[in-house]
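Worksheet for the structure shown next.
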Amino acid sequence: MGTLGLRLGHDPRVDPVRRIAVLSFAFAFAVGAACLAAAGPVPGDVALVRALQGILGPAPGFAEAVTATAKPPWLFATLALAMVLAGRGGGWRRAIATLVALAAAHGADSALRALIHAPRPMPDLVAVAAPSASSGLPSTFGLVYGALFGSVVLASIGRPPGSMPLAAVSIVLLAIGAVSRTVLGGHWPSQMLASLLLGFAIACAARLVVERLLGGLEARARKRKGA
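Under the numbering used here, the first residue of the sequence shown is numbered 49, with each subsequent residue one higher.
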C-alpha cells in the first residue's frame, strides 16, 4: 500500500507546498499556452465576459475600486492586509514570505511582458472600460493578487481549523478581483486564470525559499547557542 502511494505521488516526505507549486505552475503554463496559441479569447471567454457584464454592467464602480488595490498607493494597504492575514495564519515567516512573493510577482510580470504578448479583450466582442494595446498575459493584477492572497491560503495549510476563515476570506478576495478585471474587459478569463495560478505558484516558491533561508539561519543560531 505504501509503495502504491509513492507511485501515485503521495510521498509523505515531499513538502505539500512543493507539490502545490508544481501543480499550479503546470496548470498556469497549460492555460497560458492556450491563450498564446489562440492569440485572443479561448472558447468560453467571450460568453463568460458577456454574462458578467449582463449581470453587473460593463463598468461597475466596485470593479474600478478593486483594480486600484493592486496598484500604488493602494497596493501598500493590500500588501499590509495580506501580511497580517498570513502572519495570523502561520506566523511571522509567512508574513515575510508574502512580501517576497509580491516582489517576485512584479519581477515575473516584467520578464514575461518582455517575452510574450497576448491581445486583451476587443471592443468589438465585449465592452472594454479602458482599451489598451499592452499584453493581456500576464495580468499584473492576477500575479499580484495570486501572490499576496495565495500566500495567505498557503499559511492556513496544516494549521488549526481556526486558520480556515483566513483562507476563505482570501479565496473570496481572489474571486472578487478576478471578476472585477474580467467584467471591465481588462483581461480574458483565461488570461486571468493563468495569471492567478502563476501568482499562486510564485507564493509557493517564496514560502519554500523563506523557510529554507530562515530555517537554516535559526538552526545555525541554535547550534551556536548550544555549543
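We treat Cβ as the ideally placed atom computed from N, Cα and C, and that holds for glycine.
Under the three-pair Cβ rule at 8 angstroms, the stretch 126 to 141 does not count as touching the stretch 232 to 247. The Cβ-Cβ distance between residue 228 and residue 114 falls below 7 angstroms.
Taking the Cβ atoms as the reference, residue 233 lies roughly 7 angstroms from residue 97, within the contact range of under 8 angstroms. Residue 115 carries a helical assignment under DSSP once its states are collapsed to helix, strand and coil. With a contact defined as Cβ atoms closer than 8 angstroms, residue 89 and residue 173 qualify at about 7 angstroms.
Judged by beta-carbon spacing, residue 116 lies beyond the 7 angstroms limit of residue 196, meaning their Cβ atoms are not closer than that value.
Per DSSP, residue 90 lies in no alpha helix (DSSP H) segment and is marked neither H nor E. The alpha carbon of residue 171 has as its nearest neighbour, out of 164, 163, 165, 180, the alpha carbon of 180. Contact check for residue 254 against residue 149 passes: the beta carbons are separated by less than 7 angstroms.
With distances taken between CA atoms, residue 166 lies nearest to 82 out of 82, 256, 140.
If you draw a straight line from the Cα of residue 103 to the Cα of residue 251, it comes to about 32 angstroms. With a 10 Å radius around the Cβ and a threshold of 16 neighbouring Cβ atoms, residue 220 comes out exposed. Of the residues assessed, residue 155 falls on the exposed side of the cut-off, its CB having fewer than 16 other CB atoms within 10 angstroms. Membership of residue 224 in the alpha helix (DSSP H) is indicated by the continuous run 212 to 231. Sixteen is the threshold: since fewer than 16 other Cβ atoms of the shown chains lie within 10 Å of the Cβ of residue 182, the residue is exposed. Boundaries for residue 172: no alpha helix (DSSP H) harbours it, and the DSSP string shows neither H nor E there.
Of 124, 122, 262, 249, the smallest CA-CA separation from residue 152 is found for 249.
Taking C-beta separations shorter than 6 angstroms and ignoring five residues to either side along the sequence, the partners of residue 111 in its chain run 228, 231, 232, following chain order.
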